[in-house]
Amino acid sequence: MKHLVEPIRNKEEVKAVENYLKRQKEGKRNRLIYAIGINTGLRVSDILGLNISDVLDKTHIDIVEKKTGKKKKFPLNSKLIFLVKDYLQDFYETGPLFLGKQHKRLDRSQVYRFINRACRDVGVEANVGTHTMRKTFGYHHYKQYKDVVILQKIFNHSSQSITLRYIGIEQDDIDMSYQNFEL
Numbered sequence: 327m328k329h330l331v332e333p334i335r336n337k338e339e340v341k342a343v344e345n346y347l348k349r350q351k352e353g354k355r356n357r358l359i360y361a362i363g364i365n366t367g368l369r370v371s372d373i374l375g376l377n378i379s380d381v382l383d384k385t386h387i388d389i390v391e392k393k394t395g396k397k398k399k400f401p402l403n404s405k406l407i408f409l410v411k412d413y414l415q416d417f418y419e420t421g422p423l424f425l426g427k428q429h430k431r432l433d434r435s436q437v438y439r440f441i442n443r444a445c446r447d448v449g450v451e452a453n454v455g456t457h458t459m460r461k462t463f464g465y466h467h468y469k470q471y472k473d474v475v476i477l478q479k480i481f482n483h484s485s486q487s488i489t490l491r492y493i494g495i496e497q498d499d500i501d502m503s504y505q506n507f508e509l
């Protein structure tokens with residue numbers, strides 16, 4: 327049976343993963359990938375498809391999503407603007423934003439490995455993968471704003487129920503109804 331990846335529901339664990347990544351060898355790069363994922367809800371394929379010119383001195387990211395082919399434009403929050411500037415201070419060229427050891431674009435399996443290791447090492451018990459970043463964004467965005475309509479638009483989902491199931495809210499609600507029900 328295929329295990330679906332989950333969001334990181336605990337904000338302290340979200341921070342712990344980020345702090346863990348910051349301390350690693352490729353800390354600036356991996357932390358920025360993670361931060362973009364949990365702060366924008368972009369798919370990992372779109373994050374890895376970013377070029378330096380997409381973020382250098384920018385307040386917004388303007389892309390065409392790889393999966394849907396739809397245009398997407400959204401602002402960078404102040405944290406991401408800071409992390410992008412910090413990351414790019416050592417760059418003097420253009421091209422892909424995230425490179426691996428062979429100076430090729432990082433691929434999703436490399437991101438999967440560092441996300442998985444970070445989550446395991448800080449004690450996150452959820453089933454995690456690269457989509458965990460996107461689901462974590464959605465979960466916490468929903469918890470803060472309680473606006474499934476805007477989240478559905480951000481994710482380009484066809485229905486609100488798909489969005490709620492996707493971010494794990496539907497299961498949380500079912501679990502809570504069982505835990506709070508007693509005869």
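Residues 327 to 509 in our numbering are what the sequence shown spells out, letter by letter.
All C-beta atoms, glycine included, are put in the ideal place defined by N, C-alpha and C.
Predicted model only: the values in this text are computed from it and were never measured.
Item	Value
First through last residue of the alpha helix (DSSP H) which encompasses residue 480	474-481
Any chain C beta carbon closer than 8 angstroms to residue 434	This model lacks chain C altogether, as it is built from one protein chain only.
Stretch-stretch touch, CB-based, cutoff 8 angstroms, three pairs: the region 354-371 with the region 422-437	yes
4-residue-minimum alpha helix (DSSP H) runs that sit fully inside the region 375-425, ordered along the chain	378-381, 404-414
7 angstroms Cβ shell around residue 448 - same chain, five flanking residues per side excluded	339, 342, 343, 346
Cβ shell of residue 487 (< 8 angstroms), same chain only, five flanking positions each side left out	496
Beta-carbon proximity check, residue 441 vs residue 462, cutoff 8 angstroms	no
As assigned by DSSP and simplified to three states, the class of residue 431	strand
Exposed unless 16 or more other CB atoms sit within 10 angstroms - verdict on residue 509	exposed
Residue 406 and residue 361 closer than 8 angstroms at C-beta	yes
Where residue 456 sits in the DSSP three-state scheme	coil
Proximity to residue 460 [Cα-Cα], best of 480, 389, 474, 429	480
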